[in-house]
Every structure is written in structure tokens, then in C-alpha cells.
């Protein structure tokens, strides 16, 4: 699903790179759309991470498509922190040496480099990881690019967490054919995956969670959580029965920003006692994706509330929209009052002023299914 990233510009610095935090903790094998031209997974390219060898010097250069990545003094080190020993990472263990180019990775392409995405973090989950990025038409003309602070990349917040860290994405202006990545002075930088391309690519929106649960008075509460929203338009809430197709029952606007977002929707008129739900996420360009399907079984009695209780004259009975009749009986089961309920009504008033002081039962009927509650006439 295509999520379009916006290109920013700066009148102060020739090249500008906006690194955006797009996912809090990502799968190292996450897929992107469209497929990037260059994809270097450090663990996959340096197997046997538990072989006891701390550093594997990278050979190279590595070429995929029109992009060549060359490392200078960078090794694939075995992860040892936070129980993440199955990973390897590119270890930027020292500051960049301008004379030897040591402790850097360079990208060169015959076509414009439009985007580079890094999966990275600091050492031991620290907040110390921020890359410094140079870019230009070639190595000789490359200058430091930044977002807000010269020599640094914004968007990677404090506390990177466990390996393999977070994805951050940079989109480059036209004419960029050379990019160099180094670390900031004295700060640990661990890169677990490097992706680059001559076209913009993104992670599809992720549904982090989706739940559907029975609520009061026969309704169903839907809650879902997403991340990586870019170019998203809205969410369509859809439901069906066991014998019908999914139909849209409501819409929720998308926040359409990076980060984690929570959404909710209440279905006040479920189609049946067992209902299936899903969320359809729609992009501004018409592309869409679905959440998992959740089922809800409402055959657990009818939610019912009566007030005031005790009551002297008018008793209000709150009930699901599926209720079609409200009846008042005494403790011996004798019918005393009855009132038909209009469709889509969730509350019915009954005048009980004629009843003697005592305890009574209100009974609601929903297509043969009944529920009851006691009240006191004063």
C-alpha cells in the first residue's frame, strides 16, 4: 500500500533530510511498498550470530540495482544487550575519520537516491543513537544535511528500546547521487538494516490491535490501534452475519500522522446475536487494507436498567434496540402493565402510578429472548 512521504526543503542548507520516527519497535524483516532497490539486512547477510565472534569485518562493496553501499571500518557485531543475541548490527564504534573515511557507510548511485531508511538504535537501548548524514551530487560536493540542528537528524526519540530499534526514513531532493552516514561525536550507533531506493517506499499501515466486545444495552464496542499512518483517509467499520456479506456501518476519520493512534466505534444496532466485524483502512489514493475479523456473541442475556428505583409514577426502562415489548408483572407472575416498543428505541417510559406499594418485575422481550429486573413502587 503506497504511503506518500512529503519532501521538505531548506533555504539555509543545500540538502535537507527529514528523518521521521514511523514505528516504535519494528520487525527486522518488515516489507515495504514498492520493494526498495537496495535492502541490506545485517543479520541475514552475516549469519551465525551466536558463533561467539564479536565482530565480522564487512567485505564489499554491496551492489543492488543502481545503488552501491561501501563500508569503511564497520563490522557486523553480535548483539549482546536486552536478550537480543539473535541480531547483528553495523557497529559505529568510533567517530568518523575524515582522512581514512573510517567508521562510515557510503552510498553511490548512477540514478538519483530518493530515499534511505535505517533500522537503528543506541547501545543497550540508550537514546544516544543519531546518525549524521552527508549528501550531494558526488562525494566532493556532499554537505551535512539535517532537520532542525546542523549535523544531526531529528525524529529518533529518547529510549530506543530493544533491538532492532526503530525505522527512520529520509527523503532526498533531486540530484542526490551520494550519501554518507556516520555517527555523532561520542554516541553509540547500531544499524540493523539499511534500505535505499531510487523511488520513495514506505511501510504499509499496521493494525497493532483490534477488538470487538459486547457492551451495555446490546451494543458492541470496537477498538483498534494503528501506526505508520501516511496518506490515510479514513476507516470503514464493517459487519456481517454468518449468512451475509460485509457491509459498511460507519466511518472514522484517520489522524494520518506518524506514531501510534487509538480509535473506537460503537455499533448500537448489531445485525444478529452473532456478528462479525472488520476495519477497512482507505488511503487517499483509493488503496485499502483490512484488519483481522473479530466475532461477537450477544447471546448472553439482554442488558437492562430501570430508574428511578424506587419509583412513584413514571418508570424508565433502558434496553437494546432489539426489544419490542416491555411488561410489568408482580412477584406471582401476573401481568399488570404492558407497552409495545417502537423500532430503534433504547428507552421506554411506563406510568406505574396505579400500582400499589410493593416490589414488581419489569420484563423485556427481544424476538423471544427475555430479560428482567426488579423495582420498588413507593
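Residue numbers (my numbering): 1340 to 1717. Ideal Cβ positions, reconstructed from N, Cα and C, are used throughout, including at glycine. Quick caveat, the model's predicted, so the values are computed rather than measured.
Distance, residue j Cα to residue i Cα
i, j, result
"residue 1452", "residue 1471", "17 Å"
"residue 1696", "residue 1702", "19 Å"
"residue 1505", "residue 1457", "8 Å"
"residue 1606", "residue 1566", "24 Å"
"residue 1705", "residue 1561", "23 Å"
"residue 1659", "residue 1510", "52 Å"
"residue 1516", "residue 1585", "48 Å"
"residue 1694", "residue 1714", "12 Å"
"residue 1483", "residue 1473", "4 Å"
"residue 1476", "residue 1589", "50 Å"
"residue 1410", "residue 1507", "20 Å"
"residue 1647", "residue 1717", "11 Å"
"residue 1610", "residue 1594", "29 Å"
"residue 1385", "residue 1440", "23 Å"
"residue 1596", "residue 1651", "54 Å"
"residue 1551", "residue 1533", "38 Å"
"residue 1604", "residue 1591", "8 Å"
"residue 1490", "residue 1617", "Here residue 1490 scores only 33 on pLDDT, less than 50, and its place in the model is too uncertain to base an answer on."
Extent of the continuous beta strand (DSSP E) run through residue i
i, result
"residue 1665", "1664–1668"
"residue 1405", "Per DSSP, residue 1405 belongs to no beta strand (DSSP E) and is neither H nor E."
"residue 1653", "1653–1657"
"residue 1571", "1571–1579"
"residue 1551", "1545–1553"
"residue 1382", "It is not in any beta strand (DSSP E) - residue 1382 instead sits in the alpha helix (DSSP H) that spans 1381–1384."
"residue 1511", "Note, residue 1511: premise wrong, no beta strand (DSSP E); not H, not E."
"residue 1454", "1454–1460"
"residue 1373", "Element bounds for residue 1373: n/a, residue is neither H nor E."
"residue 1636", "1633–1636"
"residue 1443", "1443–1448"
"residue 1675", "1674–1679"
"residue 1415", "1414–1417"
"residue 1716", "1708–1716"
"residue 1686", "1686–1690"
"residue 1628", "1627–1629"
Reference residue i; option with closest CA among the options
i, options, result
"residue 1608", "1507, 1475, 1428 and 1637", "1637"
"residue 1671", "1677, 1633 and 1700", "1700"
"residue 1520", "1622, 1579, 1601 and 1442", "1442"
"residue 1558", "1578, 1570, 1539 and 1548", "1578"
"residue 1433", "1446, 1447, 1418 and 1413", "1413"
"residue 1628", "1431, 1546 and 1682", "1546"
"residue 1643", "1631, 1664 and 1478", "1664"
"residue 1396", "1513, 1674, 1622 and 1415", "1415"
"residue 1582", "1378, 1615 and 1621", "1615"
"residue 1656", "1404, 1571, 1680 and 1669", "1680"
Residue i CB to nearest heavy atom of the ligand SAM below 7 Å
i, result
"residue 1554", "Ligands displayed in this structure: none; no statement on the ligand SAM is therefore possible."
Buried or exposed by the 16-neighbour rule on C-beta atoms within 10 Å, applied to residue i
i, result
"residue 1599", "exposed"
"residue 1541", "buried"
"residue 1481", "buried"
"residue 1634", "exposed"
"residue 1368", "exposed"
"residue 1690", "exposed"
"residue 1438", "exposed"
"residue 1682", "exposed"
"residue 1393", "exposed"
"residue 1687", "buried"
"residue 1425", "exposed"
"residue 1461", "buried"
"residue 1630", "buried"
"residue 1513", "exposed"
"residue 1653", "exposed"
Three-state class that DSSP yields for residue i in the structure shown
i, result
"residue 1557", "helix"
"residue 1432", "coil"
"residue 1647", "coil"
"residue 1397", "coil"
"residue 1536", "strand"
"residue 1695", "coil"
"residue 1479", "coil"
"residue 1595", "coil"
"residue 1527", "coil"
"residue 1806", "A question about residue 1806 goes unanswered here, because the residues of the chain that appear run from 1340 up to 1717."
"residue 1614", "strand"
"residue 1619", "strand"
"residue 1608", "coil"
"residue 1493", "Only weak support exists for where residue 1493 lies, its pLDDT of 39 falling under 50; the value from the coordinates is given anyway. Residue state, collapsed to three classes: coil."
"residue 1586", "strand"
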